[in-house]
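Below is one structure, written out as structure tokens; comments come after it.
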Amino acid sequence: DDPLSLNMYRSGLLILSPHVHSQKLFSLLKFVSNVVNEKLFLAIPRSPSDFMFWKKTATLCYTTACKVGFMSNMTSFNLQVCPSLNVCLLLPTTKYTKPSVKFDIVISQESEFSPVWILNEAHNINPLYGDHNSESDLPITDDQITVASSDESHEDISRVCLGGTFDRLHYGHKILLTVGALLAKEHLLVGVTCSDLLSSKCLSPLIFSWEKRSKIVQTFLSDIGVQSKIMKIVKLSDKFGPPGYSSEFDCIVASSDSLDNCEKLNELRRANGFKPLKIEVINFICSAKISNEYKAYPFDLSDLKLCSSKLRFNELGSLLKPVNNITVNNSCSPYLIGLTGPSGSGKSSLARRLEHLSDQVHVIDCDRLGHEAYIPGTPCHQALLSHFGREKIASPVPPYAIDRGLLGRLVFSDPAQLKDLNSIVWPEILKKILTVVKEIECKALEQDRDPKRPVWLTVLSQTEAQRRLCERNNLSPEAASERLARQASAVAEVTGGYTWFEAGQYCSQKSPIDYAHVILSTEWDPECSQYQVEKSWKALQQRLELTTTTQ
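Using UniProt numbering, the letters of the sequence shown correspond one by one to residues 1 to 551.
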């Protein structure tokens with residue numbers, strides 16, 4: 001075994017030759033992914049200074065890093081060298097006057113550079129770097145191909161703009177931002193799309209908040225060497241942004257699927273009397289095509305394009321944050337999961353799928369317990385009649401059973417009434433849940449597991465939720481929309497901000513998404529839901545087994 005692989009470093013600097021090709025780089029990155037587990041800087045000293053060399057080099061480096069990551073995990077959309085490794089290609093024009101680039105180990109090939117030269121280069125990048133960690137025993141490949149340069153001039157470009165959602169910053173984003181930074185001599189404007197424009201995106205509630213996305217973009221640009229005085233990050237609240245209304249820009253950097261918008265932007269600039277922007281096109285990064293024989297993945301995500309939607313989908317069924325331990329007297333208590341989400345989001349179907357995976361899974365239907373809580377003769381039934389009025393919510397004949405249709409129309413038309421209903425019924429539901437849990441405990445005395453209270457959240461688009469409510473409850477579109485809106489307002493009151501459906505809410509600290517440990521979605525085919533459930537169940541079993549082992 002390689003002794004170095006036993007010591008994982010948080011960050012590293014990989015010094016490359018300007019003679020680079022994908023096969024060689026693939027071998028190097030594959031090796032380094034076993035040494036560095038967080039951030040890897042790539043430096044290419046002694047390289048040509050022309051733009052086309054660096055554009056192609058950036059494309060090569062990030063595309064190869066993407067391939068390495070996919071080969072390491074062929075069964076998912078995890079397109080990273082390892083889930084946490086952040087690859088950053090340092091810009092050629094960066095002048096480091098302080099140790100802003102921090103790394104724990106320097107890696108290169110002794111056949112390419114002498115050890116003394118390698119350490120001198122590392123000190124140029126970070127004067128505070130010690131020379132105690134270095135590695136040159138890397139895989140060797142014989143053939144070397146220089147990335148071809150071009151005679152095309154970019155000297156007249158100095159003020160550059162680009163824009164995007166930049167959710168789950170991936171290697172395609174990094175190429176876009178790097179090319180913009182290479183061109184920008186005086187000013188780089190990055191527009192990060194605001195949440196209001198993202199509602200049509202796949203799994204839009206899982207998109208990071210604007211604040212988090214813009215911070216990630218800023219951090220990446222700083223990491224690769226863009227000086228803060230030339231970059232500006234703005235909120236993109238329309239599809240054109242500042243370049244549509246300001247003459248100062250020379251060039252826009254865009255992916256090939258954004259060319260139509262770029263042409264429309266130039267039409268707007270001409271109408272405003274401005275010079276059209278030069279369009280610098282970035283091609284897609286392609287991931288390997290996902291086999292979709294069993295419809296485990298949405299059809300529209302099984303193509304070759306690397307995109308944020310795939311990365312969001314890949315998080316479904318995964319543990320998004322640690323589950324906190326809860327101290328209880330009885331260590332044999334079952335592992336409880338709170339499965340929640342808006343009406344029509346598929347909670348019941350997902351619960352059944354979980355239940356069918358193992359006889360260890362017991363489903364407590366809180367809706368059914370809620371109905372049982374206010375059957376005639378119960379304290380809850382009497383409390384509802386007293387609070388809302390028998391004539392408004394109950395059958396006119398004894399024993400005055402609660403008419404759920406009347407009750408629903410009353411509370412879903414008035415947020416205050418809905419809040420009152422919850423304050424009466426929820427405590428009774430909790431009592432019934434605890435009773436059922438106690439019964440399950442009696443059957444689980446042989447299982448010594450540490451109890452926790454994770455939240456599993458179901459999400460789907462508001463349009464699909466409304467369609468399902470209309471179909472299931474025989475509601476008009478207006479009535480279904482009103483019911484979802486009332487539920488959403490109650491959720492926003494609890495979170496202090498977002499509802500179930502709003503885009504760009506993740507990591508905002510005021511989102512129902514932020515409460516969730518696991519997120520699932522029934523937006524697509526049943527086979528897709530089954531894949532998520534099996535994934536989450538398998539991961540849960542592994543966590544419980546690990547917890548039991550470490551106790």
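The beta-carbon is built from N, C-alpha and C at its ideal position, and this holds for glycine as well. Computed from a prediction, not measured in an experiment: that's the story for all the values here.
Under the three-state DSSP convention, the category H173 falls into:
Taking the first residue of the sequence shown as position 1, residue 173 is located at position 173. DSSP places H173 in helix when its eight states are reduced to three.
Beta-carbon separation (whole angstroms), H154 vs F51, contact threshold 8 Å
One-based indexing of the sequence shown puts residue 154 at position 154. One-based indexing of the sequence shown puts residue 51 at position 51. Yes, they are in contact, since the Cβ atoms of H154 and F51 sit about 5 Å apart, within 8 Å.
Of the choices V397, S195 and E428, whose alpha-carbon is the least far from that of L384?
Counting from 1 along the sequence shown, the entry for residue 384 is found at position 384. For the residues V397, S195 and E428, the minimum Cα distance to L384 belongs to E428.
Going by alpha carbons, who is nearest to D365 out of H387, I433, R213 and L16?
The count along the sequence shown starts at 1 and reaches residue 365 at position 365. Ranking the options by Cα distance to D365, first place goes to I433.
Candidates L188, L119, E248 and D238: closest to G225 by CA position
Locating residue 225 in the sequence shown gives position 225, counting from the first residue. Of the residues L188, L119, E248 and D238, the one whose Cα lies closest to the Cα of G225 is L188.
Can you find at least 3 beta carbon pairs, one from the region 474–485 and one from the region 348–367, that sit closer than 8 Å?
By the Cβ rule, the region 474–485 does not count as touching the region 348–367, because fewer than three pairs are nearer than 8 Å.
Nonlocal neighbours in the same chain, by C-beta distance under 7 Å from R46, ignoring five residues either side
Locating residue 46 in the sequence shown gives position 46, counting from the first residue. Hits under 7 Å: P18.
Suppose you measure from the CA of A373 to the CA of V411; what does that come to, to the nearest Å?
Working through the sequence shown from its first residue, we reach residue 373 at position 373. Working through the sequence shown from its first residue, we reach residue 411 at position 411. So the alpha carbons of these two residues sit roughly 17 Å apart.
Once the 5 residues before and after L320 are set aside, which same chain residues still bring their CB inside 8 Å of it?
By 1-based counting over the sequence shown, the position of residue 320 is 320. Only A516, H517, V518 and I519 meet the Cβ criterion.
On a Cα-Cα basis, can you pick out the residue from W426, L301 and I157 that is closest to H371?
Translated into the one-based positions of the sequence shown, residue 371 becomes position 371. Closest option to H371, Cα to Cα, is W426.
Top-ranked residue by Cα proximity to K67, from K305, L457, D414 and P243:
Indexing the sequence shown from 1 puts residue 67 at position 67. Cα-wise, what sits closest to K67 is K305.
Should residue 555 and I252 be called a contact, given that it needs their Cβ atoms to be closer than 8 Å?
For the chain, the structure presents residues 1 to 551; residue 555 sits outside this window and is missing.
Assign L259 to one of two classes, buried (16 or more other C-beta atoms within 10 Å of its C-beta) or exposed (fewer than that).
Looking up residue 259 in the sequence shown gives position 259. Flag for L259 reads exposed.
Among residues of its own chain, excluding the 5 on either side of I233, which ones have a beta-carbon nearer than 7 Å to its beta-carbon?
As a first step, residue 233 must be located in the sequence shown, where it is residue number 233. Cβ neighbours of I233 beyond the five flanking positions: V190, V192, S214, V217 and Q218.
Beta-carbon contacts of Y531 that lie in its chain and below 6 Å, excluding the five residues immediately before and after
Numbered from 1 along the sequence shown, position 531 holds the residue referred to as residue 531. Contacts found: A296.
On a CA-only basis, which of D223, E263 and Q227 is nearest G240? Give me that one, please.
Along the sequence shown, read from residue 1 onward, the residue named residue 240 stands at position 240. Checking the sequence shown, residue 240 turns out to be Phe, not Gly. Minimum Cα-Cα distance from F240 among the listed residues D223, E263 and Q227 corresponds to E263.
Which word fits S114, buried or exposed, when buried means at least 16 other C-beta atoms lie within 10 angstroms of its C-beta?
Locating residue 114 in the sequence shown gives position 114, where the first residue counts as 1. With fewer than 16 other Cβ atoms inside 10 Å of its own Cβ, S114 counts as exposed.
Tell me the rounded alpha-carbon separation between Q382 and S521.
Taking the sequence shown and counting its residues from 1, one reaches residue 382 at position 382. Taking the sequence shown and counting its residues from 1, one reaches residue 521 at position 521. When rounded, the distance between both Cα atoms is 38 Å.
Using CA coordinates, which residue listed in A184, S308 and P399 is at the minimum distance from H170?
Residue numbering aside, residue 170 sits at position 170 when the sequence shown is read from its first letter. Here the closest residue by C-alpha is S308.
Just the C-alpha distance for K30 and D300, rounded to the nearest angstrom, thanks.
Reading the sequence shown from its first residue, position 30 is the one you call residue 30. Reading the sequence shown from its first residue, position 300 is the one you call residue 300. Looking at the two C-alpha atoms, the distance is approximately 30 Å.
Under 8 Å between the Cβ atoms of K55 and L182?
As a working mapping, residue 55 is identified with position 55 in the sequence shown. As a working mapping, residue 182 is identified with position 182 in the sequence shown. Taking 8 Å as the Cβ cut-off, K55 and L182 qualify as a contacting pair.
Host beta strand (DSSP E) of Y9 (start-end):
For the purposes of this step, residue 9 is taken as the residue at position 9 of the sequence shown. Y9 to I15 is the extent of the beta strand (DSSP E) around Y9.
Measuring alpha carbon to alpha carbon, tell me which of I15, S204, P379 and L128 ends up nearest I107.
In the sequence shown, counting from the first residue as 1, residue 107 sits at position 107. Checked all of I15, S204, P379 and L128; the closest Cα to I107 is I15.
Please say whether L90 and E38 have beta carbons closer to each other than 8 Å?
In the sequence shown, residue 38 corresponds to position 38, counting from 1. In the sequence shown, residue 90 corresponds to position 90, counting from 1. No; because the gap between Cβ atoms is not below 8 Å, this pair is not in contact.
L544 in three-state terms, based on DSSP:
Looking up residue 544 in the sequence shown gives position 544. The answer is helix: DSSP assigns L544 an H, G or I state.
Would you report the Cα separation of A184 and V160, rounded to the nearest angstrom?
Against the sequence shown, residue 184 aligns to sequence position 184. Against the sequence shown, residue 160 aligns to sequence position 160. Distance between the alpha carbons of A184 and V160: 5 Å.
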